[in-house]
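Visitor:
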Amino acid sequence: MAQVFMKEEGGEYYIWPSSEFSVLSEAKLGAGKLVLHPRGFAQPHYADSNKIGFVIQGSCTVGLLSEKDHSEETVLKIKKGDAIAVPVGVISWWFNRAMGVLGGFSPEFISKVYGITEEESITLQKSQTANLIFKLDDEIKVPEPSIKVSQKFVVSLDKVFSSFKFSAAEKSPFELSANLVKLDVDSVLGPLFTNDSSYQMIYVIRGSGRIQIVGLNGQIALDSKMEAGQLFVVPR
251 MAQVFMKEEG GEYYIWPSSE FSVLSEAKLG AGKLVLHPRG FAQPHYADSN KIGFVIQGSC
311 TVGLLSEKDH SEETVLKIKK GDAIAVPVGV ISWWFNRAMG VLGGFSPEFI SKVYGITEEE
371 SITLQKSQTA NLIFKLDDEI KVPEPSIKVS QKFVVSLDKV FSSFKFSAAE KSPFELSANL
431 VKLDVDSVLG PLFTNDSSYQ MIYVIRGSGR IQIVGLNGQI ALDSKMEAGQ LFVVPR
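Our numbering puts the first residue of the sequence shown at 251, with every later residue one more than the last.
(1) Quick test of your reading: L284 and W343, contact by CB under 8 Å. State the CB separation rounded to the nearest angstrom.
(2) Where Q480 and D473 are concerned, what is the direct C-alpha to C-alpha distance, given to the nearest angstrom?
(3) Check whether the Cβ atoms of L407 and A333 lie closer than 8 Å to each other.
(4) What is the rounded straight-line gap between the Cα of S427 and the Cα of R289?
(5) What residues are listed by DSSP as bridge partners for M564?
(6) Do you know whose CA, among L430, V404, A292 and E276, lies nearest P395's CA?
(7) On the DSSP letters alone, give me the boundaries of the alpha helix (DSSP H) that Q293 sits inside.
(8) What's the C-alpha gap between I328 and S447?
(9) Where does the unbroken beta strand (DSSP E) through E262 begin, and where does it stop?
(10) If M476 sits next to I463, beta carbons under 8 Å apart, how far is it from one beta carbon to the other, in whole angstroms?
(11) With P267 and N300 assumed to form a contact (beta carbons below 8 Å), what rounded beta-carbon distance in angstroms separates them?
(12) Please return the same chain residues whose Cβ sits closer than 7 Å to the Cβ of G465, not counting the five positions on each side in sequence.
(13) To the nearest angstrom, how far is the alpha carbon of A277 from that of I452?
(14) Applying the criterion that 16 or more other CB atoms from any shown protein chain within 10 Å of the CB defines a buried residue, is A335 buried or exposed?
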């Protein structure tokens, strides 16, 4: 199960530390779960690896800013069942229907990106004390996400009946993909085999079931019950 990495008024962030799960370290993979309370905000942070975000519940406003090409900020709305690709080198913030900035960003950067004065940006910075996640006051202005832009960057996995493959390369140039699989009671998926030497990371959103993993030698490597909130990795 995931461990609490940070807990603030605006929400929590959970991680599966690679130091305790050796298979994550071996596969050079990471996983985390962000929970945002009403008006909770995860401040802008830099992506040092390619990521795919999936919304388990509720909706969220996301801001993306590429550091490489210095393009204008892209503001999106994502909801339950949506997946979004965040390439390496992109600065992103995540917001439960609000917007804001703090920390080490300069007042000039804040005022330019979010359309507020430098005085307002300084006031906003000083009013926030949390490290990563915080709750914004009601008077903070909220930028409206672009529906047209959201349709370009967001894939709705929740609309499919059983399984849909989302290739992040379709939206941005990196090699990651995601599948959303829904199983009815007493139904079975598999056996499945990946022939490209890739790892599979599987997270159980809700319900429970049984998972079996068999190695190339024909010997069973795992036979276990999985429950909501658990994550496991299928070796290549």
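For every residue, glycine included, the Cβ atom is placed at its ideal position computed from N, Cα and C.
Guide: In brief:
(1) Numbered from 1 along the sequence shown, position 34 holds the residue referred to as residue 284. Numbered from 1 along the sequence shown, position 93 holds the residue referred to as residue 343. The beta-carbon distance between L284 and W343, rounded to whole angstroms, is 11 Å. This is too long to meet the 8 Å contact definition.
(2) As a first step, residue 480 is located in the sequence shown; it is residue number 230 there, counting from the start. As a first step, residue 473 is located in the sequence shown; it is residue number 223 there, counting from the start. Approximately 15 Å between the Cα atoms of the pair.
(3) Within the sequence shown, residue 407 is the residue found at index 157, counting from 1. Within the sequence shown, residue 333 is the residue found at index 83, counting from 1. Judged by their CB atoms, L407 and A333 are nearer to each other than the 8 Å cut-off.
(4) In the sequence shown, counting from the first residue as 1, residue 427 sits at position 177. In the sequence shown, counting from the first residue as 1, residue 289 sits at position 39. Taking the straight line joining both Cα atoms gives about 30 Å.
(5) Nothing can be reported for residue 564: it is not among the residues displayed for the chain, which extend from 251 to 486.
(6) As a working note, residue 395 is residue 145 in the sequence shown. The shortest C-alpha to C-alpha distance from P395 to any of L430, V404, A292 and E276 is the one to V404.
(7) Counting from 1 along the sequence shown, the entry for residue 293 is found at position 43. It is not in any alpha helix (DSSP H) - Q293 instead sits in the beta strand (DSSP E) that spans G290 to Y296.
(8) Sequence index remark: in the sequence shown, residue 328 carries index 78 (1-based). Sequence index remark: in the sequence shown, residue 447 carries index 197 (1-based). Taking the straight line joining both Cα atoms gives about 31 Å.
(9) As a working note, residue 262 is residue 12 in the sequence shown. For E262, the enclosing beta strand (DSSP E) covers residues G261 to I265.
(10) By 1-based counting over the sequence shown, the position of residue 476 is 226. By 1-based counting over the sequence shown, the position of residue 463 is 213. In fact, because the Cβ distance is near 11 Å, the residues do not count as touching under 8 Å.
(11) Numbered from 1 along the sequence shown, position 17 holds the residue referred to as residue 267. Numbered from 1 along the sequence shown, position 50 holds the residue referred to as residue 300. Not confirmed; about 20 Å, so no contact.
(12) As a working note, residue 465 is residue 215 in the sequence shown. Cβ within range, chain order: A471.
(13) Working through the sequence shown from its first residue, we reach residue 277 at position 27. Working through the sequence shown from its first residue, we reach residue 452 at position 202. Distance between the alpha carbons of A277 and I452: 13 Å.
(14) For the purposes of this step, residue 335 is taken as residue 85 along the sequence shown, with counting starting at 1. Residue environment for A335: buried (at least 16 other C-beta atoms within 10 angstroms of its C-beta).
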